[in-house]
Amino acid sequence: MTWSLWGVPGVLAFLAACSAALVVFRTAPHRLLNRRLAGLLLVEAVFIGCTGGFVLLAGSQRAAFAIGALGVAAMAALPFQYLRFLGVSLDTYLVAPFRGRVGGVALVALGLAAFLLVLFFPRSFISEPYSP
Numbered sequence: 001m002t003w004s005l006w007g008v009p010g011v012l013a014f015l016a017a018c019s020a021a022l023v024v025f026r027t028a029p030h031r032l033l034n035r036r037l038a039g040l041l042l043v044e045a046v047f048i049g050c051t052g053g054f055v056l057l058a059g060s061q062r063a064a065f066a067i068g069a070l071g072v073a074a075m076a077a078l079p080f081q082y083l084r085f086l087g088v089s090l091d092t093y094l095v096a097p098f099r100g101r102v103g104g105v106a107l108v109a110l111g112l113a114a115f116l117l118v119l120f121f122p123r124s125f126i127s128e129p130y131s132p
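The opening position of the sequence shown corresponds to residue 1 in the working numbering, with each subsequent residue numbered one higher.
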C-alpha cells in the first residue's frame, strides 16, 4: 500500500458510509426499511471506498485493478439495491412489484449476478487508462 493524500477522502467516505449503515441498522433492526437502507449504504460504501479511496492507495497496478474491479462490481449491484430500498420506502404503484418477497429475491439475484459478472470478467467493464 502506498500512502497518498488523494485516497484519504474516499477512505473517509467509506468509513462514514459504513458508520451510517451501522447506525441505521442498530437504530431499529426489526424494521425492513432500516435493513434495506443499511444494505444500500454498505454497497455504496464499497463502491465509494474502492473507486475513490483504496484504489489510489494501491501499491501496484495489479492491486489497483483488482480494487477498482471490486468497486465497479459494487456499482453494478447498486441499482438493484436502490430499487429494493425504494420498494419499501415509497408507497406508490410504480415500485409495488419490489415490495414483496419475490421482487426482493429477484432484485438480490440480479444484483448478485451483476456483481459477479463484473468481478469474473473485469476487462469487459474496465479499460486501461489512456496514455498517448
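We put the CB at the ideal spot given by N, CA and C, even for glycine.
Enclosing alpha helix (DSSP H) for residue i [first to last residue]
{"i": "E44", "result": "32-52"}
{"i": "V102", "result": "101-120"}
{"i": "T27", "result": "8-27"}
{"i": "I126", "result": "Careful: I126 lies outside any alpha helix (DSSP H) and carries neither H nor E."}
{"i": "S4", "result": "Taken as a continuous stretch (DSSP letters only), S4 belongs to no alpha helix (DSSP H), as it is neither H nor E."}
{"i": "G59", "result": "Taken as a continuous stretch (DSSP letters only), G59 belongs to no alpha helix (DSSP H), as it is neither H nor E."}
CB of residue i within 7 angstroms of CB of residue j, strictly
{"i": "V72", "j": "V118", "result": "yes"}
{"i": "V95", "j": "G104", "result": "no"}
{"i": "L83", "j": "L107", "result": "yes"}
{"i": "A13", "j": "I67", "result": "no"}
{"i": "V11", "j": "G39", "result": "no"}
{"i": "P122", "j": "A69", "result": "yes"}
Assumed close pair residue i, residue j - CB separation to whole angstroms, cut-off 8 angstroms
{"i": "R35", "j": "P29", "result": "7 angstroms"}
{"i": "A74", "j": "C50", "result": "7 angstroms"}
{"i": "S89", "j": "L33", "result": "6 angstroms"}
Cutoff 7 angstroms: residue i Cβ touching any chain C Cβ
{"i": "L22", "result": "Here there is only one protein chain, and chain C is not present."}
Is the region 40-49 touching the region 71-91, taking contact as three or more C-beta pairs under 8 angstroms?
The region 71-91 and the region 40-49 touch, with three or more beta-carbon pairs separated by less than 8 angstroms.
So does the region 2-13 actually touch the region 56-65, counting three or more Cβ pairs closer than 8 angstroms?
They touch, by the three-pair rule.
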